[in-house]
Every structure is written in structure tokens, then in C-alpha cells.
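Under my numbering, residues 452 to 1035 are what the sequence shown spells out, in order. Glycine residues also receive a C-beta, built at the ideal position from the N, C-alpha and C atoms. Quick caveat, the model's predicted, so the values are computed rather than measured. Read through the structure below, which is laid out as C-alpha cells, and then see the notes.
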Amino acid sequence: MSAVAEPGRSEGSRADGRGVRFFASAGLVAAIHLAALAVLLTTEYGPFAITLSVLAWVFVNCFLLVVLQRPGVSAALALAFIVILIALSHFKFGILQLTLTFLDFLIIDRDTFSFLLSVFPRLQMQLIAAGLVAGPLLWLIWRFDPFRVRRRVALTGVAASAALIAAMSVASPEQAWEPFQGVNHISSLARSGVVAVSRLASTGWIEADPPADRPLRLGSEAYAARPAMLPPVTACDPAAKRPHIILLLDESSFDVTSAPGIKVPAGYTDFFKSIDGKRRTMIAESTGGPTWYTEFNVLTGLSARSFGDLKFYVTRITAGRVTRGLPQALQNCGYRTVSLYPTYGDFLSARAFQKGTGVDRFIDMAEMGVNEDMQPDTFYYDQALKAFAREQLSRSPVFMFVYLTANHFPWTDVYRPDLTPAGWTPPGNTAEVDEYIRRQTMTANDYRAFTERLKRDYPDEQFLVLRFGDHQPAISQKMLEPGIDRKSLAKRLMATDPRYFSTYYAIDGINYSPANLSSALETLDAAYIPLVLQEAAGIPLDPTFAEQKSIMLRCRGAFYACKKGAEARRFNRMLIDAGMIKGL
């Protein structure tokens, strides 16, 4: 009797064990999903963003279920993935003031990882440790997960969630200012994916006219209809005496007297005058940042706006793919080309991008021996003088691209009070605006000292200097139209209202008078700066820049905005056919 009863109790025990395992596994899966929901609810704000982020969570789970068919492991991997994405987005926002976007995954390169490891040298060990912990946990979940989901069901979930994400993103497109808010990380990432895929499917990486029956050549055919006012294109003689060229990027600088009611010190506007006494306006393609749009403009002579919604990654996209530019043109005339870059060279593939345009020597923050980019102007001028002394050994003319960063945000704190100019008195604006003007005054004084040192140390050398503001500071939005509401401001920025994109450019000579200032129009787009600089240095324009000068004259200083982008698209096609833009 006992022999019969024992098996019965054994079967019941096994059944009870299976039941406990079933409910324990179901509880574990439910707990993972609830944890994910809690993460989304604490990082997303508003019904729209929460709904979109939940759909993204469903999409990731269903995609993993197609591969694994196990809901427990899929949910755990999806939770880890979501948490990592949010952490990466916070990290990116802390550095760039921009949350994670789909392009961060579409353009994954060696420079990105190098930059991360240079900023966080312990990151590699932390990732290895996390992997060692996560591996056994995932194995345990896999081992005790009794559930299976059919691939057909999972594929239906993938398709449905993707369709809903696309529909919501199209119905409510992401505004340009939203990624700069530092919230809604997952929903913003999902919407940016819809935008990126749509953009690449419609126009590709760069806007350009479709290929003609035969290539449009930048040669005799390109100049057949050239206006008579353009000079003939002549070959550059590398042996001719040329001035050294210094291109100065003046961080976040513009003439604040363009804003109403701003008080400035006596002589403030003199800094914005060129050697001929004129004040000139440059139209940047960003406001409040990012600097690399203007970096792209002045090195390539092209428009970042040609990349549409992908322009934030313009230097990464074009690294090694755009060879036409100012440094290359100067190299063809015998120049040594140097760039002093204020942060790590892997940042947004800056080193690879600049070398592709013809920069011989790229010196970044690490090579300059500092661990932060915000240094006084005198630091970068000293670095420029050291680099110039080294390059002088070649007896070739030198081109130097120098970044100044002391005027970088924030202006709520007094930066280096020990460097305040003697006799400085706040003009009487808000504390933030007065700090901004104080730093501009420091820049003006340091620039004057730099030019005096060049005159003293190199009395027999000629220098051409072109300096410009890369974009307006973020506080200009408070200054230009005080009290403007966010919605109206967003419309201004989306419409590229020139009030918010105007900075300055100025041309100076040290032991040198500019050869030709005919291209230095009163107002022009940043993409024409290479053209202005070459003519001021007396350098014959190559066919690409000669063609671009004809565009500048026809469009009165506008480039991308001329004819709603038609001139820029035609010019991009010419450069593609000429092999100067490759793989885009």
C-alpha cells in the first residue's frame, strides 16, 4: 500500500513544483516589465512621450522575441538595453547638451569609442565588469524560463509597434529644440529614427541634384556661362611670396549692440572692424551652438544645412568623404596647414574630418597638455606661436586654424576673475550679459597683445588674420527679443531668422595689406569665408571656388538659402561628379 501511495505523492510534488516554477517565472517576467515601465515613467514626460516610449519598449521586446522566443530573457535584455540607452543619453547630454538620437547608432565609428574612453578612461573596465555580472543572470533566466512565444506573434508585434511609432512621429514631428531639453530619451530616440530613415530614403546623406546624362565638370564647360565680372582662373605658383594665414574662431561672439537696450563700454564695437574700418556680418548656420557647423562651413566652403536633419553629425558623416576645402586649396599653393583643436580630436571625428579637407598637422587638447577645453585666449595664442615656430623651419607659408574658448557658456559664473582687464566696470546690464561682455573685452585685449607679439617677433613676415564668431551665444535669445515666448522663438529658429544667426567676421593684416577684398561683402554666409580668405591673401581661386564666387555674386552673399537650396544642390552635384565628395 505504501508503494502505491508514494508514487502518488511524488507526482503531486512534481506538479506542485511545476506550478511554483510557473508562477515564479511569470512573476519574474512581470516584475521585469514593471521595472521597465517604472524607468520609462520616471524619464518620460507627457502622455505623448510616455505612449511613444512604451511602444518603443514593445518593439524592442517583440524584436528580441523573434530571435529568442523566450519572454523572460527578452524582457531582461530589453530592460538592460533601455537603461543603457538612457544612461548614454544622459552622458551625451552632459557633454553636448543633446540627447541620444538614431544617428548615434547609424554612424558608429572608432572615433566615437575613442572619445568615450578618453573622457572616461575607466569605462572599459566598467563595461567588462557589467558583462561578467549580466552573463550569469541572463543564463539563469534562460534556464528557468518555461514560456515560449511563436515568431509569427512576435513579428506581428514588431510590425504593429513600428507602424504606430511611425504614425505618431509623422503626426507630431520632433521640433529642433526638443533634443536639447535633456528629457524624453527613449521617445526622442524613436522619433529621430523615423526622421533619419525617412531622410535617407528620400534624399540620401546630402542634398544634391540628380546625376545628369554626363558629369557636370568644373572646367571649361562649367565656366562657359560664367559672368564676365569673374577673373580668369590661373594656376597657383607655390613659389610666390604668400602671407601666413591665421583663421580665428571666436567662440559664441557677436556684436551685442544689435540687441535693444544693451549697454557696452566705450570702444566696444572697434573690435568688430576690419582693417578697412568696416564692420561685416557673417550668417552662421547655428545659434547657441553647435560650433562644428561653422567649422564645417569655413573648412569646406559648404553648407551643413545640405544634410538636413542629419546635419548635427556633419563632421562624422563627411570625415574622409569631403576632400574639397580651404586647407586643400592652400596646400596646393605651398602652405603648411595646422589646426589647434580645443578638445579631443576624436570628438565628432574632428581629426579625421579636418585631415580629409587638407589639414597637415592636427593638434588637439591632449597634445597641448591640458585636460579641459575652456582655456584663456592667451593659452591658445601661446600654442599657436609655438606651432608657428615649428612650422617656420620648412620656410613655407603657414595656415593656422585656431579656436578660442574663453567665451563659452555658462555666463552665470565669473570665468577667471584674475584675468579681468584693468579698469573694467560692468556696463549695467544683467549679471549674465555683463559677464559675457567682460569676456569679450578679455578677448579683444588678448588679441591685441597677440598681434603686437607677432609684429615684434616676426618683423619681416606678413600675416593675414580673419576672425569670426562661430555662432551667437544662447543668451542672445533673451537679448534680441526680451519676453518672447518659446513657441514664437522656435518659429524664428526654424525659419533661420537672421537676427539669431548673425555674428561677425573681420579681416586684419600684420605687415600686410589684403590683396583683394571684393569678396568681403557686408553680409555673407559662413560658407564663403574660405573664398574671402583666399582672395585677401592674393591666392588664385581654383575652379571650385571660382564657381562658388559666381554663386556668391548672384545670390548677394547667400548660399544655401539662395533659390531655396537650388544653388547649393547644383554645386554639391558638381563636387560629387568631380570626385571631391565621395560616398554620400
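Here DSSP, grouped into helix, strand and coil, assigns T502 to helix. Taking the C-beta atoms as reference points, V853 is found nearer than 8 Å to L791. Exposed is the label assigned to A610, since fewer than 16 other Cβ atoms lie within 10 Å of its Cβ. Listed as beta-bridge partners of L699 by DSSP are V853 and R918. With respect to L750, L777 sits close: the two C-beta atoms are nearer than 8 Å. When DSSP reads this structure, D959 sits in a beta bridge with V916. Here Y955 really is in contact with G920; their C-beta atoms are around 5 Å apart, less than 8 Å. Under the DSSP assignment, R1020 falls in the alpha helix (DSSP H) whose first and last residues are A1017 to D1028. Along the length of the segment 863-930, whole alpha helix (DSSP H) runs at least 4 residues long occupy 882-908, reported in chain order.
In this structure, DSSP gives M825 a state outside helix and strand, which the three-state scheme calls coil. Distance from the CA of M893 to the CA of A857, rounded to the nearest whole angstrom, comes to 9 Å.
DSSP, reduced to helix, strand and coil, places L940 within a helical segment of the structure shown.
Around the Cβ of Y496, a 10 Å sphere holds fewer than 16 other Cβ atoms; the residue is exposed. Taking each of P716, S623 and A946 in turn and checking the Cα distance to G879, the smallest one comes out for P716. If you ignore the 5 residues before and after G633, its C-beta comes within less than 7 Å of the C-beta of F544 and T550, all in its own chain and listed in chain order.
Between F850 and I696, the gap from beta carbon to beta carbon is short of 8 Å. Straight across, the Cα-Cα distance linking A529 with A873 is about 59 Å. Between I533 and I637, the C-beta gap is smaller than 8 Å, which places the two residues in contact.
Contact check for V865 against E842 fails: the beta carbons are separated by 8 Å or more. Cβ contact annotation for R642 (same chain, cutoff 6 Å, sequence separation greater than five): S620 and E625, in chain order. The beta-bridge partner set that DSSP reports for L791 consists of I814 and V853. CA-CA distance, R899 to S737, rounds to 28 Å. Note on I535: under 16 other CB atoms within 10 angstroms of its CB, so exposed under the neighbour-count rule.
Below 8 Å, too few C-beta pairs join the segment 960-968 and the segment 925-942 to call them touching: fewer than three.
Annotation: the continuous beta strand (DSSP E) that includes I734 extends over T732 to I734.
The criterion of a C-beta distance shorter than 8 Å is satisfied by G771 and G807.
Under the three-state reduction of DSSP output, L551 falls in the coil class, being neither helix nor strand. Distance from C784 to R693 at the Cβ level is roughly 6 Å; contact confirmed, criterion being Cβ atoms closer than 8 Å.
Between the C-alpha atoms of A977 and A486 there is a straight-line separation of about 49 Å.
Cβ contact annotation for S970 (same chain, cutoff 6 Å, sequence separation greater than five): L982, V983 and E986, in chain order.
Where L975 is concerned, the enclosing beta strand (DSSP E) starts and stops at T974 to D976. Rounded to the nearest whole angstrom, the CA to CA distance from E818 to P910 is 29 Å. Cβ neighbours of L972 within its own chain (closer than 7 Å, five residues either side excluded): G1008. With fewer than 16 other Cβ atoms from the protein chains shown falling within 10 Å of its own Cβ, V518 counts as exposed.
Annotation: F1010 is outside any alpha helix (DSSP H) and is labelled neither H nor E by DSSP. Around the CB of A605, 16 or more other CB atoms lie within 10 Å, so the residue is classed as buried.
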